[in-house]
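Sequential numbering from 1 applies to the sequence shown in the UniProt record's numbering.
Let me begin by presenting the structure, written as structure tokens, before commenting on it.
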Amino acid sequence: MTTTVITGIGELTTHAPGHDRPLTDAAVVVEGSHIAWVGGAAEAPAADQQVDAGGRAVVPGFVDSHSHLVFAGDRAPEFAARMAGESYAAGGIRTTVAATRAASDEQLTSHVARLVAEMRRQGTTTLEIKSGYGLTVHDEARSLAVARQFTEETTYLGAHVVPAGTDPDTYVDLVTGPMLEAAAPYARWIDAFCEEGAFDVDQARTVLAAGEAAGLRGRLHANQLTYGGGVRLAAELGLTAVDHCTYLADDDVAALADSGTVATLLPGVEFSTRQPYPDARRLLAAGVTVAIASDCNPGSCYTSSVPFCLALAVREMGMTPAEALWAATAGGARALGRDDVGVIAPGRRADLVLLDAPSYVHLAYRPGVPLVAGVWQAGRPG
Ligand code: NIG
Ligand code: FE
């Protein structure tokens, strides 16, 4: 197997046990798709190929644990109306559902490919993709089949919103019956949008139970627009992650801390909907594990950039640059129940980002600047 040594790393953030702070003047050896060695540049073993990082910083590849990339159309007019004072509501999802149903498999696939490439250029090396803009048996299954071409981390989100003209109870029966059966072969996870205007706690519980019976692991969208019982449901069920977590009561925070469920914060959504940001400091102080993800979707947040979200988390949610970087890498891995990514250590997947900067701090210090100078995913450069 080909080995590559990356030397001259001015600052290497590993998140590995025992490395509380970044290593300086470091090197990493990649063997095939995995990391073989991490240490000081002076001790680095010889390898088939050598890459000089030129004193720049290297961080783990970003783990974007929440996205909705399978869709057609955009909702720029809705965004513009919001910026002129309208408020965001779950019902906008139906606009994208109509466009997605009308698109061919090829159109959906090439659009996802474009967005995945955009993400990769910005340092994302692990990506979750949800369905949720099909909302028929056929369109949910084909959305997941498209997503599966790009990632193993696929999530069935038939319970995104009740389609126009459909009775909610009848729709939940469809989501937990024939639609689940058609979607399950392409999905690892099941999700529901537990929110006013979407699904209530009882409906979300029913959807997650059906998913679990079909072998899918649960995750939830909860407490994005209002206070409610979604986060407590996620904690009670011991879900791997619950996402948004913007409106939290004290007992929601306590429940997350007790359950170990990861709180995935999506600050691009608050940016794009002009909502108040979640309070990451409050969660961290309570001992909750926090992840940051993009939530890239055409409605509430059409950014594919984890670095942008990381900068928002620092500026708007009270996180330090180190906490935000952890949340967007190791935290994202926890939110997907993965231990092979998010950390740079021997045996882990070789997912690395070379920054055109001397330190990871620049990710927040220089927001909006394309700092990603190189990406390796599973050892492959590009
Ligand atoms: O995560 N919250 C639900 N789903 C998306 C928004 C979908 C849309 O508006 O199209 C989200 O914010
Ligand atoms: Fe989402």
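We put the beta carbon where it would ideally sit given N, CA and C, even for glycine.
From a predicted model like this one, the values you see are computed outputs, not experimental measurements.
When the options are compared against residue i, the one with the closest alpha-carbon
i    : options                   : result
L220 : E86, W326, Q50 and T155   : T155
L115 : C296, L233 and D251       : C296
V314 : G337, L174, A192 and Y277 : Y277
I6   : A350, L363 and V372       : A350
L157 : A345, F193, A44 and D64   : F193
E270 : E43, L23 and A89          : A89
V63  : T320, V290, A99 and D200  : V290
L69  : S305, T320, G318 and A373 : S305
V38  : I9, L233 and T151         : I9
A187 : S131, A222 and Y171       : S131
Contact test: residue i Cβ vs the ligand FE heavy atom, cutoff 8 Å
i    : result
H66  : yes
L266 : yes
Assigned secondary structure, residue i (DSSP; H/G/I helix, E/B strand, else coil)
i           : result
S67         : strand
C309        : helix
Q49         : strand
residue 383 : Because residue 383 is not part of the residues shown, which for the chain are 1 to 382, the question remains open.
residue 383 : Here the chain comprises residues numbered 1 to 382, so residue 383 is not present and cannot be evaluated.
G55         : coil
V242        : strand
heavy atom of the ligand NIG below 8 Å from residue i C-beta
i           : result
N223        : no
D295        : yes
F193        : yes
P298        : yes
residue 388 : There is simply no residue 388 to check, as the chain begins at 1 and stops at 382 in what is shown.
I93         : yes
A16         : no
H111        : no
T24         : no
V269        : yes
T100        : no
T246        : no
For residue i: DSSP bridge partner residues
i    : result
A381 : It should be noted that the sequence gives Pro, not Ala, for residue 381. DSSP, once it has assigned bridges, lists W376 as partnering P381.
Y156 : I190
E31  : T3 and H34
G40  : A26
P60  : L352
**OP:** Determine, using beta-carbon pairs with one atom in the region 19-35 and one in the region 326-335, whether at least three such pairs fall under 8 Å.
**Re:** no
Original post:
Given 8 Å as the limit, is there contact between the region 132-146 and the region 100-111, that is, 3 or more CB pairs closer than that?
Top reply: yes
Subject >> Three or more C-beta pairs below 8 Å linking the region 124-139 and the region 92-99 >> reply: yes
Subject >> Cβ contact check for the region 303-314 and the region 279-295: 3 or more pairs under 8 Å >> reply: yes
**OP:** Tell me, please, whether the region 242-257 touches the region 344-361 by the rule of three or more beta-carbon pairs shorter than 8 Å.
**Re:** no
Original post:
Three or more C-beta pairs closer than 8 Å, one from the region 73-81 and one from the region 173-189: is that the case here?
Top reply: no
Original post:
Can you find at least 3 beta carbon pairs, one from the region 45-63 and one from the region 123-131, that sit closer than 8 Å?
Top reply: yes
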